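**Student:** Let me begin by handing over the structure; questions about it come next.
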Amino acid sequence: MQELVNRAKALLADGTVARVLGWKAGEFAYDPEPAFFETEEDLKDFVYDGFCGANLSKYMIEASKLEGKTLVFLKPCDSYSFNQLTKEHRVDREKAYIIGVGCKGKVDVKHIKEAGIKGIESIVGADYPNPAETLEIKTLYGDKTISYKDAMLERCHVCKGKDHVVFDEQIGESADTVDAERFAEVEKIEAMSPEEKFAFFRAELSKCIRCNACRNVCPACSCRKCVFDSTKFDSAQKANTTSFEEKMFHIIRAFHVAGRCTDCGECSRVCPQGIPLHLFNRKFIKDINTFYGDYQAGEDIEAQAPLTDFTFEDREPGQFAERG
Amino acid sequence: MHANNQAEKIKEISGVNPYKCMKCGKCSASCPSYNEMDIKPHQFVSYVINDDVEALVESKSLWKCLSCFACVERCPRNVEPGKLVDAARQLVVRQRGMDYLQADEIPELLDSELPQQLLVSAFRKYKR
Amino acid sequence: MQRIGVFVCHCGSNIAGTVDVKRVVEAIRTEPGVIHAEDYPYMCSEAGQQLIAKAIEEHKLTGIVVCSCSPRMHEATFRKAAANAGINSFMVEIANIREHCSWIHKDVEEGTEKAVILARAAIAKLNLDTPLQPGESRVVKRALVIGGGIAGIQSALDIADAGYEVDIVEKTPSIGGRMSQLDKTFPTLDCSACILTPKMVEAAAHEKINIYTYSEVEKVSGFVGDFKVDIRKKARYVDSTKCTGCGLCQEKCPSKKAPSEFNRGLNTRSAIYTPFAQAIPNVPVIDTENCLKFKTGKCGICQKICAAGAVDYEQQDEIITREYGAIVVATGFDTIKLDKYDEYAYSQSKDVVTSLELERIMNAAGPTKGHLERLSDGKAPKNIVFIQCVGSRCSDGRGKSYCSKICCMYTAKHAMLIRDKYPDTNVTVFYIDVRTPGKNFDEFYRRAVEDYHVNYVKGQVGKVMPQPDGSLLVQGVDLIDNKQIKMNADMVVLATAIEPDPSVRNIATMLTASIDTNNFLTESHAKLRPVESPTAGVFLSGVCQGPKDIPETVAQAGAAAVKAIGLLAKDKLTTNPCTAQADILLCNGCSTCANVCPYGAISYENIQINDHGIREERRVAVVNNALCQGCGACTVACPSGAMDLQGFSNRQILAEVDAICR
Amino acid sequence: MSLNNEFKPKIVAFCCNWCSYAGADLAGSSRLAYPADVKIIRVPCSCRVNPMFILRAFEKGADGVIMCGCHPGDCHYSTGNYYARRRMTLLFSMLDYLGIERARTRVEWVSAAEGVKFSQTMNEFVEDIRKLGKNVRLEDLRCRN
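Chains as they are written, first to last, in this note's numbering: chain C, 50 to 373; chain Z, -2 to 125; chain R, 13 to 674; chain E, 133 to 277.
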């Protein structure tokens, strides 16, 4: 981690970059947050460890408007989002100095809490580059442990790979963390009866408090003004009502990012209610892959996105109805 | 559809869509065993379309095809009749309760110039 | 707030028979915005229209809803009536209560109920209507024709004869195209050059036609009526204003080893050359790849002997920029490469030739001076085999899936000509089908069989095998006799598939004209707009749109010309106001919309924006209203909802949905 | 005429101006009856149909939504229906994934000459929706307290 700080200091010092976009230590060990650092002094709060799951690419939209270059640290999966944003002209590649930083899987306190560990005071073992196999947690109720793997984010279990798709330089090693099938969850739901599917999603969506965290964190939801905030569709609503958005919000949101979502998993990470929102996006990704050929958003800036493309032989919308 | 099972099975085994054929005859034009055959390569396609698999199965052609795949290579419509021949053979092999050749039939078929190895491989191929 | 008048038509008993019109009138009186409502037996009649005009004046209406027949029938009528009465013609909505209601329902209760709902939807939409004004754009009174073959020449002549200036851009040193390479033409057998050269001369002499040969289109911007085109005039190294076309330079040029493009590489030409004797302009070009002066710096003979002093080794490419109102694409075709068809031995034997090569062999100006002879040994062939559909109708990835259309006829022509001139030559044609739909076409083919005894064999050739004695062993099949045929031939002619000239891809991209998987330019409508590209102002002439013979090409060239003339004849273009519009405050500049626009109507500009106090430069989408046809593909592709369609806005359609589901 | 007099489904049909709307007109002028439950909204092209419109219809109580466009290859704007086809394929697959009855949404390509097909399609669709009954699932996807 010190290597990252040293490099940041050097780049600030020689004027290559005007500021650094990284992670800043939070109140607790498990809540570092994205932050801009403008001076060497600021960098004393810089942190990079297993809790730095936050994808910094979306912050580059604002950073692109600022004077001078911004040094940004991107994990391999974050680099896809950055590429996608470049493709959509939302970030300026010229305004970014990208350090592709290694990643050995990111953990989340949500999973620690789900394991029944409450009253957390400190957590040891989430360091980068050498995370421990087991996290040691001091709590109000005594010392607890959880394996690093069990605390890991869902997206790390189905990691896209260790390569950065865009970078100026790379620092640090990455680890292979894949131990699950990317579409296994989606397939499980697909295999359910309509009644079971409906019951599953109703139970999940009924938790939604419409806090907009998923939208606000999503690098694909980068619109200057979201359709849910504009008058263009008579759909502007912020309150948690029982009407339109509460039923349709997540469907529409998933559709809006279909073909553009890189599957970065931030939506599920930040949802305070623990709704597995990635299941929506991943269903679209799976469909796109099966119907129109494999496509990974953010991988190739030149590739035509599936929804702005077609072939004469595309399947008909009714075609999968006979599936059974 | 009056598809009898055999024709469907041939289509399934071969993966051939006989309806793609435009009857150009390039398969027959390419076939080195053409003169040995009673049902010609291009006819295989129409036999399958017409569900007359029985005739195919009983034809001499089935065992005259060298599987050189010239017809597969040159077919302009990707119909590839050679695959139909092969599928028909498989059909026969799968269905037959008995061997194609019985051991006692062999002596009269023997040709002194025939290499031994061919016999062995023929047994492998046609024995159930 | 709108002031809406609703007019319910009886259409005699067509509507009133199943819909209680009086009840409809009463039911919608209380709808938001409705000031006035009435019914009348025939709204579309003069009296009905006057009724509407009177109501507009009396009640100061801002918009009207007419509940009547399909808008496809009378929308234009009522729009005009509204405009005459002083309101914007786009403040008119039609509720289709005849075709979509009274005519399909028998129960009056049901019909009336539905009519009310349809009227409500129209009222809800009208409440959100805004007056729209058709835009105007200028028309530059000049046309560009890309390609100088028979298609391009014909289009250019027709446009020029109508009094408009035309520029032809041709990439080779002369106009004339493929037709200039042909010997005779079917079905009349007149000589190709005899009918083509007068046309070439006419085009060159026409005061309204300007020909740029040895030139290529480099860049296209603008839109219908107002294109701006950069043309690259490649350096000829010969000053066309000085050259007299005496031909001495070509005679004296020491470098004579370059394969002749015009003769399909069957013989050679000099490094300074005109492609053929009747070339227009009759000004040679220097092929720098073969010229000794350019390769070694030594030589310069042509310059020395040129009495006119026209040879100029220092000449440079020149880019000229011209403006056009209409563009006709006539880029033509070439034959496909045969490298994937090893079985025909094309690359192994000189005596296996394509039909276009045979044209040159048969032509008096060709490599054999018109004598039919084998290119390997110069002997007269006694047995000739023609093979049809080489690379045509192939869905195996080696050739083209389509029928090249011209081969059946030209093969009949070749066969007939050979049998006529060399009666002791045997001609066999292997065919899959003989396709001769066309005036006097089948008669022509039958003549080949009946009068000239050309041997037509239904079946294909599997393999052509060159023999040690120089003959060719052809192995084919006769499907009628169910026999395999092995025959010796002295010459094999392949009816090679044609494909659009490869340069068309680049041109299509520049024009944003769509192209199909085979590189043929797509027409706007397969049946009803066959010579127009979906890109407004771009017209299609000849084989660039699909395989065609000469008469069809000329007919289409004329049709394309008429469409171009129709455009050029206008002083101003009025544009459909129902176009897409980007809300610059919402636009992300993400380019998604441009990706789905079939007309290339969307571009991006960096502009200074004041977004509620935030002043910044943003990349935003700008719709060119002259190009946009109003399909709405962009509106759905737009993630932020910045793109909307005037006349069919998001809120309007949602209002209709709401009214129907109420 | 209808099998079930109790239930009158609300059905929204989006029809493109050039083919399907004209097909519906032809069904009308040929007097080919289909239930009055179907109400048609005219759009310039099937590619103008935003998934939001379809969801909005369901939200406002529609029991079925059908979209009709030109046959692939015949689009007046040449490519619109190809985009629409992908959009609807994905949207319908998602609705299926959420457990919403598949038969409530449908896409049909109807040309201007296919009045018979238009009428048949609508008859079938209404029949399907009647069998399914009222659309409660989308209404109920989120529990109300």
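Beta carbons are placed, not taken as given, at the ideal position from N, Cα and C, and that holds for glycine. Predicted model only: the values in this text are computed from it and were never measured.
Should V289 (chain R) be labelled buried (16 or more other beta-carbon atoms within 10 Å of its own) or exposed?
**Tutor:** Just to set this straight, residue 289 (chain R) is Ala in the shown sequence, not Val. A289 (chain R) is exposed by the Cβ-count criterion.
**Student:** Buried or exposed: V268 (chain E), going by 16 or more other Cβ atoms within 10 Å of its Cβ?
**Tutor:** Classification for V268 (chain E): exposed.
**Student:** Closer than 7 Å by beta-carbon distance: list the chain C residues that pair up with G653 (chain R), in chain order.
**Tutor:** Per Cβ cutoff of 7 Å: V276, S279, K281, F282.
**Student:** What do you reckon, are the CB atoms on K61 (chain Z) and E33 (chain Z) nearer than 7 Å?
**Tutor:** Yes; because the gap between Cβ atoms is below 7 Å, this pair is in contact.
**Student:** How is R331 (chain C) classed by DSSP in three states: helix, strand or coil?
**Tutor:** Helix, per DSSP.
**Student:** Does the separation of the CB atoms of V297 (chain R) and S227 (chain R) fall below 7 Å?
**Tutor:** Contact flag unset, no.
**Student:** At a Cβ threshold of 7 Å, is R631 (chain R) touching chain C?
**Tutor:** Yes, R631 (chain R) lies at the interface with chain C (some Cβ there is under 7 Å from its Cβ).
**Student:** Using a Cβ-Cβ distance under 7 Å, would Q496 (chain R) count as near chain Z?
**Tutor:** With 7 Å as the cut-off, Q496 (chain R) counts as an interface residue toward chain Z.
**Student:** Would you list the one or two residues that DSSP bridges to G72 (chain C)?
**Tutor:** The amino acid occupying residue 72 (chain C) in the given sequence is Trp; Gly does not appear at that position. DSSP lists C:P83 as partners of W72 (chain C).
**Student:** Taking Cβ positions only, does C673 (chain R) come closer than 7 Å to chain C?
**Tutor:** Answer no: the Cβ-Cβ gap between C673 (chain R) and chain C never drops below 7 Å.
**Student:** Which residue wins for smallest C-alpha separation from P410 (chain R), given the options R:T366, R:L585, R:C650, R:A509?
**Tutor:** One detail in the question is off: residue 410 (chain R) reads as Arg in this sequence, not Pro. Of R:T366, R:L585, R:C650, R:A509, the residue nearest in Cα terms is R:A509.
**Student:** In chain E, what lies closer than 8 Å to P355 (chain C) by C-beta?
**Tutor:** Per Cβ cutoff of 8 Å: R218.
**Student:** Would you verify that the beta carbon of Y126 (chain R) is, or is not, closer than 7 Å to some beta carbon of chain E?
**Tutor:** Looking at the sequence shown, residue 126 (chain R) is not Tyr but Lys. True, the Cβ-Cβ gap to chain E drops below 7 Å.
**Student:** Looking at C-beta atoms only, is the number of pairs between the region 580 to 590 of chain R and the region 138 to 150 of chain R that lie closer than 8 Å three or more?
**Tutor:** Yes: at least three Cβ pairs fall under 8 Å.
**Student:** How big is the Cα-Cα spacing for H22 (chain R) and C420 (chain R)?
**Tutor:** Those two C-alpha atoms are separated by around 59 Å.
**Student:** Drop a sphere of 10 angstroms on the beta-carbon of V13 (chain Z), count the other beta-carbons inside from all chains shown, and report buried for 16 or more, exposed for fewer.
**Tutor:** The residue is buried, with at least 16 neighbouring Cβ atoms inside 10 Å.
**Student:** How big is the Cα-Cα spacing for H465 (chain R) and F398 (chain R)?
**Tutor:** Distance between the alpha carbons of H465 (chain R) and F398 (chain R) is about 14 Å.
**Student:** Verify the CB distance criterion: does N182 (chain E) have a CB-CB separation below 7 Å to chain B?
**Tutor:** Checking the listed chains, one finds no chain B in this structure; the protein chains it contains are C, Z, R and E.
**Student:** Does the beta carbon of D670 (chain R) come closer than 7 Å to any beta carbon on chain E?
**Tutor:** Output row for D670 (chain R): interface = yes.
**Student:** Using a Cβ-Cβ cut-off of 7 Å, state whether H117 (chain R) counts as contacting chain E.
**Tutor:** Yes, contact with chain E.
**Student:** Which partner residues does E544 (chain R) have in the DSSP bridge list?
**Tutor:** Note: E544 (chain R) sits in a beta bridge opposite R:F551.
**Student:** Between V439 (chain R) and I396 (chain R), is the Cβ-Cβ spacing less than 7 Å?
**Tutor:** Contact flag set, yes.
**Student:** Let me check one thing: in DSSP terms, what residues is Q487 (chain R) bridge-paired to?
**Tutor:** Paired residue(s): R:K475, R:K498.
**Student:** DSSP three-state label for H22 (chain R), please.
**Tutor:** Reduced to three states, the DSSP call for H22 (chain R) is coil.
**Student:** Counting pairs of beta carbons, one from the region 324 to 332 of chain R and one from the region 41 to 48 of chain Z, are three or more of them closer than 8 Å?
**Tutor:** No, because fewer than three Cβ pairs between the region 324 to 332 of chain R and the region 41 to 48 of chain Z fall closer than 8 Å, the two stretches do not touch.
**Student:** For V489 (chain R), would you say it is in contact with chain Z, using Cβ-to-Cβ distances shorter than 7 Å as the test?
**Tutor:** Interface residue, yes.
**Student:** Is H20 (chain C) close to chain R, meaning its C-beta is less than 7 Å from at least one C-beta of that chain?
**Tutor:** This structure leaves residue 20 (chain C) out entirely; chain C is present only between 50 and 373.
**Student:** State the CB to CB distance for the pair E111 (chain R) and D169 (chain E), rounded to an integer number of angstroms; the pair is presumed to be in contact (CB under 8 Å).
**Tutor:** 17 Å between Cβ atoms; not a contact.
**Student:** What does the Cβ neighbour count give for L111 (chain Z), buried or exposed, with the cut at 16 atoms within 10 Å?
**Tutor:** Counting Cβ neighbours within 10 Å, L111 (chain Z) comes out exposed, since fewer than 16 surround it.
**Student:** Along the region 302 to 314 of chain C, what residues have a CB closer than 7 Å to any CB found in chain R?
**Tutor:** If the cut-off is 7 Å between Cβ atoms, the region 302 to 314 of chain C has H305 near chain R.
**Student:** Note down, in chain order, all residues in the region 454 to 478 of chain R with a beta-carbon under 7 Å from any beta-carbon belonging to chain Z.
**Tutor:** The residues in question are G471, Q472, V473, G474, K475.
**Student:** Classify Y190 (chain C): buried if its beta carbon has 16 or more other beta carbons within 10 angstroms, exposed otherwise.
**Tutor:** Exposed: under 16 other Cβ atoms inside 10 Å.
**Student:** Against chain R, with Cβ distances strictly below 7 Å, would F163 (chain E) count as a contact?
**Tutor:** In the sequence on display, residue 163 (chain E) carries Arg and not Phe. Answer yes: the Cβ-Cβ gap between R163 (chain E) and chain R drops below 7 Å somewhere.
**Student:** Tell me where the beta strand (DSSP E) around F345 (chain R) begins and ends.
**Tutor:** Looking at the DSSP string, the run of the beta strand (DSSP E) that includes F345 (chain R) is 345 to 347.
**Student:** For the beta strand (DSSP E) containing A28 (chain R), list its first residue and its last residue.
**Tutor:** Careful: A28 (chain R) lies outside any beta strand (DSSP E) and carries neither H nor E.
**Student:** Rounded to whole angstroms, what's the CA-CA distance from M52 (chain Z) to K412 (chain R)? Just pull it up for me.
**Tutor:** A small correction: the amino acid at residue 52 (chain Z) is Ala; Met does not occupy that position in the sequence shown. Taking the straight line joining both Cα atoms gives about 35 Å.
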